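Read in the working numbering, the sequence shown has 21 at position 33, and its numbers run on one by one without any break. Where a beta carbon is used, it is the ideal one built from N, C-alpha and C, also for glycine. None of these values were measured; they are calculated from a predicted model.
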Amino acid sequence: MLTKLTGLLLFLSVAFPALAAEVAGVKLEDKDRVANSDLTLNGAGLRKRAFFQVYAIGLYLPEKKTAAAETVAVTGPKRVAIHMLRDVGAEQFTDALMDGMKDNHSEAEMKALEPRVKQLAAIMSEMKEAKKGMRITLDWLPAAGTAVTVDGRATGVPIPGEDFYRALLRVWLGDNPVQADLKKALLGETQ
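Following this line, the structure appears as structure tokens:
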């Protein structure tokens, strides 16, 4: 009897993987894998702009963190998974990221990041539009840099420098995040 119960539990755990979060109808898995490393969903939330739901976002780390500075400083592979809930032009999407970076960095820091910001803008412009239903991931790959994928397809070449990835994380987790309740949600608090 115990063997049958164990078999059933094993089947159910494989057949129905755990869902850690559901944000605006988007299911975010509890675990993800980047650069041969298992990552855990640290938090997930909803990016809103005025009355609109723009995207659901999940932050995956090697281990859960609750403090923003610690989260940004985590070493090893990381993933920001963005699930678009409405169509947004690539330029508008990129401008929003850049504004979030500017709000959390000095002019000198932005100057140092500028070539890589331009590289990200070029990658994003290739997609023309961030369409509803699209999944965009921003991965930190220690051996390569920041990799952007759109619906599982690599876009552009990885952008070097962990400082750049940390600058991206500060868009959501910095002292001046794009949305305060979203920052809390990505740090594991409920939104």
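Nearest-angstrom beta carbon gap, residue j and residue i [assumed within contact, 8 Å]
i	j	result
T134	I147	4 Å
G46	A32	4 Å
P65	L129	6 Å
T54	L175	5 Å
M112	T82	4 Å
D127	R67	5 Å
Cβ neighbour criterion (16 or more within 10 Å) applied to residue i
i	result
Q167	buried
N92	buried
N164	exposed
F152	buried
V11	buried
D87	exposed
Given residue i as reference, the closest of the options once Cα atoms are compared
i	options	result
M72	A132, G121, G144, W160	G121
V14	I70, W160, L85	I70
Y48	L29, S25, E177, V105	L29
E58	K116, R21, L170, R154	R154
R141	E114, V159, A12, G162	E114
K116	G77, A132, Q41	G77
T143	A110, D169, V105, A100	A110
E79	M98, A96, L108	L108
A118	E102, R104, L85	L85
V159	K90, E102, E95, K106	K90
R104	D139, G149, A56, F40	G149
D169	R35, D75, D20, A132	R35
E177	F40, K52, S25, R74	K52
T63	V145, A173, A131	A131
Per-residue DSSP class, three states only, for residue i
i	result
F39	coil
M86	helix
T134	strand
M112	helix
V60	helix
E17	strand
K53	coil
R67	strand
V76	strand
L170	helix
E97	helix
A23	coil
P103	helix
D127	strand
A155	helix
P165	coil
G176	coil
Residue i vs residue j beta-carbon contact at 8 Å
i	j	result
V60	L161	yes
A9	K171	no
R74	F39	no
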